[in-house]
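Q: Numbering follows our numbering, in which position 366 of the sequence shown is assigned residue number 368; successive positions increment by one, without gaps.
Okay, here's the structure, questions in a sec.
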Amino acid sequence: MRRLMNFLRGMVILRLTGPFPERLINLCAQEGIDFWAMEWLDENTVRLTTRRHTLARLRELARKAGCEMEREASRGLPDFLGRFRTRYAFLVGLVFALCAVSFLSRFVLVIQVSGNQEIPSAVIFSQLRQLGVRPGVYGPGLDRKQLAQELLVRQEGLSWAALNLYGTRLEVIVREEIKTPERVDETGHFDIVAQADGVITHIEPELGDALVKDGDVVAKGDVLISGTVTMEPPKYSELPNRYYQTHARGRVWARTWRFLTAAIPVETAVKEYTGAEKSVWSLNFLGRRVKIFGKTSISWAMYDKITTVNQAVLPGGEGLPLSLNRETFREYTPRTVEVDREAAQALLEEQLLEQLNVLIGEDGTVESTQFAARVSGGRLEVTLTAQCLEEIGEERPGTEIG
């Protein structure tokens, strides 16, 4: 802190020469003039450092002590600013820059959202813009508590929100609602039926009567676990069987065979660029776009528009609401070409495998696959035959007992 204060006030390095320099040093001590870094150059010369504002008083004391005072160097803020006393344009620019910084620092330049997991940040930013919170808004004028309450009302899924202002940075902290676990519905009469053809490999009935066993062949729609439970009478009694209906539950695995087909045209249209190109440069500041070069009027029938955004960032990597944008327009004409058969087949095979994984679910496994390809009617068709091991049971309403 002392070094900082000395820098702000200014320091000078002096050479004092006289028959008795120590007398001047004693006078400085009596007058309370601070000095440091004292160095004896010879028996009649001493060098020391003192503050700038004590020069006048020190000069009077040197005259009384019969010493000569020579100024060797100056340091500090006053000496630095003194170099620009005749550079009025620089001083005006410095004053203007300081005023601009002190004024602009009261506006929000960066908005950060944290604490969200399920709700995308873009959705929260959209709600904030509708509430008037965007880069460029006057920070001290924001009623942060009221805005947090309105954000909770507008955005579903939030249980708490807070807005904290740190200079030009607005921090939005949210907490999402804790979802209530879904209750298992035990009401109604449901059966577990097969959603695909297959051979049963394993069955785990939890509630209801299992109608199949390992090794049975089932077709799509067959009842696997019945929601109608049979209650047999006591042994040796002549009472009839009794039945009650429930919500059947359980898991049934089977070996299945899936057949999927996908197609793509063997010819497609591609873009052939003519070489004609136009560029439009613009500046985007605080959400406002200012065009600085180029014309947006395009007379071409077909063209691509490519936008390149160069955004200003802080040293820490945080983006600022200032960007230089370039819009490039490139003319093209369509041309029909034949697709690469191997690449098209590989693409269709990848899509079929993705579709198969969705069908069998996360618990299912693919045991073997086989692809077949043919060209028909100007289209490349690829068929996938897969042997899988998957859970095939699904709930369906059962038939009520009359």
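Where a beta carbon is used, it is the ideal one built from N, C-alpha and C, also for glycine.
It should be emphasised that the depicted structure is a prediction, and the values quoted were computed from it without experimental measurement.
In the DSSP assignment, find the beta strand (DSSP E) that holds residue 46 and state where it starts and stops.
A: The sequence position of residue 46 within the sequence shown is 44, counting from 1. It is not in any beta strand (DSSP E) - residue 46 carries neither H nor E in the DSSP assignment.
Q: Under 8 Å Cβ to Cβ from residue 177, same chain only, skipping five residues before and after it: list those, please.
A: On the sequence shown, position 175 is the one that residue 177 refers to. Same-chain partners within the cutoff: 117, 160, 161, 162, 163.
Q: Just list the residues that DSSP pairs residue 193 with in beta bridges.
A: Your numbering for residue 193 matches position 191 in the sequence shown. Paired residues: 398.
Q: Which runs of the alpha helix (DSSP H) fall wholly inside the stretch 111-151 and span at least 4 residues, in chain order?
A: Qualifying alpha helix (DSSP H) stretches, in chain order: 123-132.
Q: Report the partner residues of residue 390 according to the DSSP bridge assignment.
A: Translated into positions along the sequence shown, residue 390 becomes position 388. In DSSP, residue 390 forms a bridge with 258, 368.
Q: Quick check on the DSSP output: the beta strand (DSSP E) that includes residue 311 runs from which residue to which?
A: Working through the sequence shown from its first residue, we reach residue 311 at position 309. Where residue 311 is concerned, the enclosing beta strand (DSSP E) stretches over 305-315.
Q: What residue does the beta strand (DSSP E) around residue 327 start on, and which one ends it?
A: Counting from one through the sequence shown, the residue named residue 327 turns up at place 325. Residues 321-340.
Q: What do you get for residue 48, buried or exposed, if any count of 16 or more other CB atoms within 10 angstroms of its CB means buried?
A: Start at 1 with the first residue of the sequence shown, and residue 48 comes out as number 46. Counting Cβ neighbours within 10 Å, residue 48 comes out buried, since at least 16 surround it.
Q: Is the beta carbon of residue 229 less than 8 Å from the beta carbon of residue 196?
A: Within the sequence shown, the letter at position 227 stands for residue 229. Within the sequence shown, the letter at position 194 stands for residue 196. No, the pair does not count as a contact, with Cβ atoms beyond the cut-off.
Q: Taking 7 Å as the cut-off, does the CB of residue 109 come closer than this to any heavy atom belonging to the ligand ADP?
A: In the structure on display, the ligand ADP does not appear, and there are no ligands present to speak of.
Q: Which residues in the same chain as residue 436 place their Cβ atom closer than 6 Å to its Cβ, once the five residues preceding and following it in sequence are excluded?
A: Examination of residue 436 is not possible in this model, given that the chain is present from 3 through 404 alone.
Q: Given this structure, state the Cα-to-Cα distance separating residue 295 from residue 279, to the nearest angstrom.
A: As a first step, residue 295 is located in the sequence shown; it is residue number 293 there, counting from the start. As a first step, residue 279 is located in the sequence shown; it is residue number 277 there, counting from the start. If I take the Cα positions, the gap works out to 15 Å.
Q: Of all the options 231, 289, 345, which has the alpha carbon lying nearest to the alpha carbon of residue 210?
A: By one-based count along the sequence shown, residue 210 stands at place 208. Looking at the Cα atoms, 231 is the closest of the given residues.
Q: Could you tell me the boundaries of the beta strand (DSSP E) in which residue 300 lies?
A: Indexing the sequence shown from 1 puts residue 300 at position 298. Run containing residue 300: none; DSSP gives neither H nor E here.
Q: If contact is defined by three or more beta carbon pairs under 8 Å, each pair taking one atom from either stretch, is the stretch 61-79 in contact with the stretch 19-34?
A: Touching, per the Cβ criterion.
Q: Which first and last residues belong to the alpha helix (DSSP H) in which residue 108 is found?
A: Counting from 1 along the sequence shown, the entry for residue 108 is found at position 106. Per DSSP, residue 108 belongs to no alpha helix (DSSP H) and is neither H nor E.
Q: Determine which residues share a DSSP beta bridge with residue 293 and list them.
A: Within the sequence shown, numbered from 1, the residue matching residue 293 stands at position 291. Paired residue(s): 284.
Q: So, with DSSP's three-state summary, where would you put residue 375?
A: Mapped onto the sequence shown, residue 375 falls at position 373. Three-state DSSP puts residue 375 in a strand.
Q: Suppose contacts are defined by Cβ-Cβ distances below 8 Å. Is residue 154 in contact with residue 133 by that definition?
A: Taking the first residue of the sequence shown as 1, we reach residue 154 at position 152. Taking the first residue of the sequence shown as 1, we reach residue 133 at position 131. Going by C-beta atoms, residue 154 is not nearer than 8 Å to residue 133.
Q: Quick one: residues in its chain with C-beta nearer than 7 Å to the C-beta of residue 203, no 5 flanking neighbours on either side, listed in chain order?
A: Looking up residue 203 in the sequence shown gives position 201. Only 216, 255, 256, 257, 391 meet the Cβ criterion.
Q: Could you tell me the distance, in whole angstroms, from the CA atom of residue 372 to the CA atom of residue 324?
A: Here residue 372 corresponds to residue number 370 of the sequence shown, with the count starting at 1. Here residue 324 corresponds to residue number 322 of the sequence shown, with the count starting at 1. So the alpha carbons of these two residues sit roughly 55 Å apart.
Q: Tell me whether residue 29 sits in a helix, a strand or coil according to DSSP, three-state version.
A: Taking the first residue of the sequence shown as 1, we reach residue 29 at position 27. Residue 29 falls in the helix class under three-state DSSP.
Q: With distances taken Cα to Cα, identify the nearest neighbour of residue 219 among 200, 207, 346.
A: The residue you call residue 219 lines up with position 217 of the sequence shown. Residue 200 is the option with its Cα nearest to residue 219.
Q: Decide yes or no for the touch test of the stretch 230-250 against the stretch 284-294: beta carbon pairs closer than 8 Å, at least 3 of them.
A: Flag = no, the stretch 230-250 and the stretch 284-294 do not touch.
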